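Per this note's numbering, residue 55 is the first one in the sequence shown, and the count goes up by one each step.
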Amino acid sequence: MAIRHGKITSERSIFRVLRRYRLTRGQSQHSLEEIIPGILLELSASGENAGYRQMRQRLLINHGRAATFEMVRLILGLIDPQGVALRQAGRLRQRIYINNGPNFAIHLDGWDKLKPYGLSIHGVVDGFLVDRCG
55 MAIRHGKITS ERSIFRVLRR YRLTRGQSQH SLEEIIPGIL LELSASGENA GYRQMRQRLL
115 INHGRAATFE MVRLILGLID PQGVALRQAG RLRQRIYINN GPNFAIHLDG WDKLKPYGLS
175 IHGVVDGFLV DRCG
C-alpha cells in the first residue's frame with residue numbers, strides 16, 4: 055500500500071477496516087446437493103416467478119447457500135422449464151390469492167403528490183371484496 059498510494063498502513067489496520075465494512079473475499083460455493091433443495095423449497099413457496107438472479111439472492115438470504123448465477127440458471131432450467139419459458143416470454147404465472155374473510159387483509163394505497171402542500175390522500179379496500187369482485 056505504501057508503494058502504490060504513498061501511505062503507510064499496518065496490516066492490522068487494513069483488516070480492522072475490512073471487518074468494520076464487512077468486506078470479504080468471494081464466498082465459497084455450495085454443492086448441488088445443498089442448493090437444489092433450497093430452490094425446490096423456494097419454487098413451492100412464493101418464488102415461482104423468481105428468475106435466476108432473484109433465486110440466487112433468496113438462496114443466499116433465506117437458506118445461507120451461495121451459488122453462482124450460472125449454476126442457479128442451469129438448475130432452474132432443469133427443475134422448472136415451463137417457468138423459465140414463461141419468464142422468457144414475459145408472461146408470469148398469476149399468484150394464488152388467499153383471503154380467509156372480510157377484514158382479514160386490508161390493502162392501503164397513498165397519493166403523495168400533494169404532500170408538500172399539507173394534503174395527504176390515502177385509500178383502503180378490503181381484500182375479501184377484491185378477491186370476490188376483481
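Note that beta-carbon positions come from the ideal geometry of N, C-alpha and C, so glycine has one too. Remember, it's a predicted structure, so these values are computed and weren't measured experimentally.
State the Cα-Cα distance for the pair PRO135 and ARG107, rounded to the nearest angstrom.
16 Å
Mark ALA121 as exposed unless 16 or more other C-beta atoms lie within 10 angstroms of its C-beta, in which case mark it buried.
buried
With distances taken from CA atoms, which of GLU96, GLY144, ASP180 and LYS167 is nearest ILE129?
GLU96
If we count Cβ pairs, one from each stretch, closer than 8 Å, do we get three or more for the region 87 to 103 versus the region 142 to 160?
Short answer: they touch.
Could you please give the first and the last residue of the uninterrupted beta strand (DSSP E) stretch that includes ILE160?
160 to 165
Excluding the 5 residues preceding and the 5 following ASP180 in the sequence, name in chain order all residues of the same chain whose CB lies nearer than 7 Å to its CB.
PRO156, ASN157 and ILE160
With a cut-off of 9 Å, does the C-beta of GLY172 fall near any C-beta of chain B?
In the structure shown, chain B does not exist; there is a single protein chain.
Would you say GLY60 touches the ligand ADP, meaning its beta carbon is less than 8 Å from a heavy atom?
Questions concerning the ligand ADP fall outside what the structure shown contains, since it holds no ligand whatsoever.
Distance, GLY80 Cα to GLU87 Cα:
Distance between the alpha carbons of GLU87 and GLY80 is about 20 Å.
Check for me: the beta strand (DSSP E) holding ILE150 runs from which residue to which?
Looking at the DSSP string, ILE150 is not in any beta strand (DSSP E), and its letter there is neither H nor E.
Whole-angstrom distance between THR63 and ILE57, CA atom to CA atom
11 Å
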